[in-house]
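So the sequences go chain by chain: A and B.
Quick note on our numbering: the first sequence kicks off at 1 and runs consecutively.
Quick note on our numbering: the second sequence kicks off at 1 and runs consecutively.
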Amino acid sequence: MLESKQQGSSLAAKAKPSRRRRLDRELLILAIVLIVLIVVASIVTGGLFLEANNVRNLLLRTCIVGIVAVGQAFVMLSSGIDLSVGGNLILASCVGAALMTTDPRLNIAPGGVPISVGAGVILMILIASVFGAANGFSVSRLRMPPLIVTLAMWQITYGAAYQATNLGQLIANVPESFGLLGQGTVGVMPVPVIIFIAVVVVGYLILTRTSFGLSIYSVGGSESSAWLSGINIKRVRTLVYVVSGICVGIGSLIALSRTLCGSIRMVVGLEMDSIAAVVIGGVSLFGGRGNLIGVVIGVLILSVINNTMTLTEVLPWHQDIIRGAVILGAVVANSIRTR
Amino acid sequence: MTGAPGSPPKSSSPNDAGDGRPANSSRLDTNRFKKYALTAVRHESFVLVVILALLMVAFNVISNRLFGRPENLVNIIIQSSTRSLAAVGQALVILTAGIDLSVGGVAILAVTMGGALMTATAGYLGPVPVGVGVLAMLLVGAGFGAINGLLVSRLRVPSLIVTLATWQMALGIGSHLTAMGTGKPAVIIELPPVLAILGQRGPGGVPTPVVAFIAAIAIGYFILNHTTFGKSIYAVGDNETAAYLSGVKTRNIKFWVYLISGFCAAIAGLLQMGRVLAASDKLVGSLELDSIAAVVVGGVSLFGGSGSLIGVLIGVLIIGVINNGMNIVGLNVWTQNLVKGSTIFAAVAVDAWRRSRRGG
Numbered sequence: 001m002l003e004s005k006q007q008g009s010s011l012a013a014k015a016k017p018s019r020r021r022r023l024d025r026e027l028l029i030l031a032i033v034l035i036v037l038i039v040v041a042s043i044v045t046g047g048l049f050l051e052a053n054n055v056r057n058l059l060l061r062t063c064i065v066g067i068v069a070v071g072q073a074f075v076m077l078s079s080g081i082d083l084s085v086g087g088n089l090i091l092a093s094c095v096g097a098a099l100m101t102t103d104p105r106l107n108i109a110p111g112g113v114p115i116s117v118g119a120g121v122i123l124m125i126l127i128a129s130v131f132g133a134a135n136g137f138s139v140s141r142l143r144m145p146p147l148i149v150t151l152a153m154w155q156i157t158y159g160a161a162y163q164a165t166n167l168g169q170l171i172a173n174v175p176e177s178f179g180l181l182g183q184g185t186v187g188v189m190p191v192p193v194i195i196f197i198a199v200v201v202v203g204y205l206i207l208t209r210t211s212f213g214l215s216i217y218s219v220g221g222s223e224s225s226a227w228l229s230g231i232n233i234k235r236v237r238t239l240v241y242v243v244s245g246i247c248v249g250i251g252s253l254i255a256l257s258r259t260l261c262g263s264i265r266m267v268v269g270l271e272m273d274s275i276a277a278v279v280i281g282g283v284s285l286f287g288g289r290g291n292l293i294g295v296v297i298g299v300l301i302l303s304v305i306n307n308t309m310t311l312t313e314v315l316p317w318h319q320d321i322i323r324g325a326v327i328l329g330a331v332v333a334n335s336i337r338t339r
Numbered sequence: 001m002t003g004a005p006g007s008p009p010k011s012s013s014p015n016d017a018g019d020g021r022p023a024n025s026s027r028l029d030t031n032r033f034k035k036y037a038l039t040a041v042r043h044e045s046f047v048l049v050v051i052l053a054l055l056m057v058a059f060n061v062i063s064n065r066l067f068g069r070p071e072n073l074v075n076i077i078i079q080s081s082t083r084s085l086a087a088v089g090q091a092l093v094i095l096t097a098g099i100d101l102s103v104g105g106v107a108i109l110a111v112t113m114g115g116a117l118m119t120a121t122a123g124y125l126g127p128v129p130v131g132v133g134v135l136a137m138l139l140v141g142a143g144f145g146a147i148n149g150l151l152v153s154r155l156r157v158p159s160l161i162v163t164l165a166t167w168q169m170a171l172g173i174g175s176h177l178t179a180m181g182t183g184k185p186a187v188i189i190e191l192p193p194v195l196a197i198l199g200q201r202g203p204g205g206v207p208t209p210v211v212a213f214i215a216a217i218a219i220g221y222f223i224l225n226h227t228t229f230g231k232s233i234y235a236v237g238d239n240e241t242a243a244y245l246s247g248v249k250t251r252n253i254k255f256w257v258y259l260i261s262g263f264c265a266a267i268a269g270l271l272q273m274g275r276v277l278a279a280s281d282k283l284v285g286s287l288e289l290d291s292i293a294a295v296v297v298g299g300v301s302l303f304g305g306s307g308s309l310i311g312v313l314i315g316v317l318i319i320g321v322i323n324n325g326m327n328i329v330g331l332n333v334w335t336q337n338l339v340k341g342s343t344i345f346a347a348v349a350v351d352a353w354r355r356s357r358r359g360g
């Protein structure tokens, strides 16, 4: 056992330089694509793109998708998929809003007494993680396909959010102090951007420096060899969905505090956007390959494209066609590269 | 293996009617009846039939017998026809262990394209003959299916992402087509009245959707059980490597199931368009979800390789009954979503449990 382990590590050491070089090259290509897109965007919009206001706006919009995409990357690296992120985020923000609001008609807290902001923050993250855990449990213990589990969970969470908002009403009157998370700044840095960076750094450290992170790669790469080398596959598969749930919870904090108004139309197409970002960022759809730096660049690429289309007033349905084509192009490139 | 319980024993009695030996023939009948009944009870879809029956009784009681009126029952079948078409195509794809999320988008694209071609208001081509319009609709469905099939079978891109992307593109093109006349997505009306044949009336008083429903299931059943292509679909879904090694052209099989699914989606759109005599980019909502739900509830495994079209038929009816029943009882849309989500979840959990018991 010890011998084989040593052999494995020496093999890994031998393979390391070439693999690292290939990864660097992929990241370089992605970075170049991003820079080219930024240049094109600035030219097409006549400089509007580079105005401070727009850059700020773009970064704020990127944060929610970016944080959720980090969780999505954990799931996809283990060769799963999480389609429930949109519904889950809406549920967490709506329940949070309904518990904290001072509007007595819409408050669902026991006795109609709004809970404190701190308790609200913890509860929102907790709700999203519980649904993530439910996904993980169904996938790993019940051996259900992630696609259907998370698709059904999307419908379930969305339906539950509808009930929590008293049949789809807007829930305003969320305490102003909660808005700090989404609207506040530290120096020139908006708080959401700081949270985003923190999530990325923590995620990166988990993926590269902890045994949990490395076992995600090996489960995604080859489930049977991961099993043979003693990795608790069920635990890893459960935890990646919990991580995705936690990220969704953090995303829901920012989403709610930006508008201070809970709505079942809070985010649209979040699952699509987060999957697209992860795929563009070079994470293999079969799991086991990719890293978070690529995902961050993927998120930025997607945001630049979306922002440019909005600035140049591309019709919404034409945006759909372009977004679909971008995803299709990314997966085709991705699969040709992995072959 | 006829799955329909109840009807078979009648078939032998007309021959014996004038024979003068009623006692003997009736004994034969009871024996046969026993045999058929046993076959039916042992059939894998029997549980589903029981669930369907229980659901219908429950809805009938809750709705004060509004649900059980004959016209409502016919209505359920007509409403289910669109879903059944999409579900047959979806079943073929899922049997190969793939998935087609693009059916809703493709159906909408077919509908809006048909609408834009056959009316003068929306299109720039001017009205084309109905036959040409219908042909174009079927072609665009098959074309999108072929794109899905090529990407999945040749480039080995996961079906989930491919069909998610083509769904979005088809939807976008569909909205574009309805927006050409007015500048924003609109409902195209003034379709040729002939199209009503497709959705409302039909040959001999039987509504066309009912005919299409039965035909789709029958053709699908025939293909799956009595052709090499059908057997190959099961083989690819069960174990692709083994199928490849025993000489099945796995890539071609995978290509064709997506093409058929796109084609079926276009026919589904055609039926829907004929029923309401209008075309819009919101005509067929969540067809992909409903078709996957029907297939999965009908006992087709999402891991591919196992399931039958008899199950899919009952799955379509169960989803139809749930949809219609919830409407009659008066549940709101989101609660309906919650119920449907839970139904799919339960069905998949049962499938996973059965697989683990088999040791698969």
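The C-beta atom is built at its ideal place from N, Cα and C for all residues, glycine as well.
Note that the coordinates shown come from a computational prediction; the quantities given were computed from them, not determined experimentally.
query, result
"Residues that B:N337 contacts on chain A, provided the C-beta gap is smaller than 7 Å", "Q155, Y158, G159"
"Segment limits, alpha helix (DSSP H) that includes A:T62", "52–77"
"Selected residue, minimal CA-CA separation from A:I336, among A:V283, A:S303, A:I171", "A:V283"
"Straight-line Cα distance separating B:S261 from B:A165", "16 Å"
"Beta carbon proximity, B:Q168 to chain A, threshold 7 Å", "yes"
"Chain A contacts from the stretch 275–293 of chain B (Cβ-Cβ distance under 7 Å)", "none"
"For A:V174, three-class secondary structure by DSSP", "coil"
"Range of the contiguous alpha helix (DSSP H) that encloses B:H43", "Careful: B:H43 lies outside any alpha helix (DSSP H) and carries neither H nor E."
"Span of the alpha helix (DSSP H) around B:A268", "250–276"
"B:V206, buried or exposed, once every other Cβ within 10 Å from all chains shown has been counted against 16", "exposed"
"Beta-carbon spacing of A:G294, A:L27 below 7 Å", "yes"
"Alpha-carbon to alpha-carbon, B:S175 and A:L142", "40 Å"
"Residues from the stretch 134–156 of chain B in contact with chain A, defined by Cβ distance under 8 Å", "L151, L155, R156"
"DSSP three-state assignment for A:I246, whether helix, strand or coil", "helix"
"Contact set for A:A172: own chain, Cβ-Cβ below 6 Å, skip 5 residues either direction", "C261"
"Inter-residue CB distance, B:I314 and B:S45 (contact presumed, cutoff 8 Å)", "6 Å"
"Residues of the stretch 117–148 of chain A with Cβ closer than 8 Å to any Cβ of chain B, in chain order", "S138, L142, R143, M144, P145, L147, I148"
"CB contact below 7 Å: B:W334 versus chain A", "yes"
"DSSP-derived helix/strand/coil call for A:T210", "coil"
"Assumed close pair A:V95, A:I127 - CB separation to whole angstroms, cut-off 8 Å", "6 Å"
"Coarse secondary structure for A:T45, derived from DSSP in three states", "coil"
"Separation of B:F213 from B:W353, as counted between CA atoms", "31 Å"
"Residues of its chain near B:G304, where Cβ-Cβ distance is below 8 Å and the 5 sequence neighbours each way are ignored", "I94, L95, T96, A97, G98, V236, G237, D238"
"Where B:G115 falls, given that 16 or more other Cβ within 10 Å makes a residue buried", "buried"
"Close-in-space but distant-in-sequence residues of the same chain around B:A41 (CB under 6 Å, 5 per side omitted)", "Looking at the sequence provided, one finds Val at residue 41 of chain B rather than Ala. Correct list: empty, nothing qualifies."
"Distance between A:I38 and A:L285 (C-alpha atoms, nearest Å)", "27 Å"
"Contact list for the stretch 295–307 of chain B against chain A, Cβ threshold 8 Å", "V296, L302, F303"
"Assumed close pair B:I76, B:L283 - CB separation to whole angstroms, cut-off 8 Å", "The pair is not a contact, with the Cβ atoms about 19 Å apart (cut-off 8 Å)."
"Spatial distance of A:E3 from B:L171 (CA atoms)", "Bear in mind that the predicted position of A:E3 carries a pLDDT of just 45, short of 50, making it too unreliable to give a figure here."
"Chain-ordered chain B contacts of A:P325 [CB-CB under 8 Å]", "In the sequence as displayed, the identity of residue 325 of chain A is Ala instead of Pro. What A:A325 touches in chain B: A165, M169."
"Inter-residue spacing [alpha-carbon to alpha-carbon] between B:G145 and A:G182", "43 Å"
"Cβ-Cβ separation, A:A69 to A:S274 (assumed contact under 8 Å), whole Å", "4 Å"
"Under 8 Å by beta carbon: chain B residues contacting A:Y241", "Those do not exist, as A:Y241 stays about 15 Å from chain B at its closest Cβ, beyond 8 Å."
"Bounding residues of the alpha helix (DSSP H) (the contiguous stretch that carries B:E425)", "Outside the modelled stretch of chain B, which goes from 1 to 360, sits residue 425 of chain B, for which no answer is possible."
"Beta-carbon proximity list for A:L77, same chain, < 7 Å, skipping 5 on both sides", "I216, Y217, G220, V283, G287, G288, G290"
"Minimum Cβ-Cβ distance from B:I51 to chain A less than 7 Å", "no"
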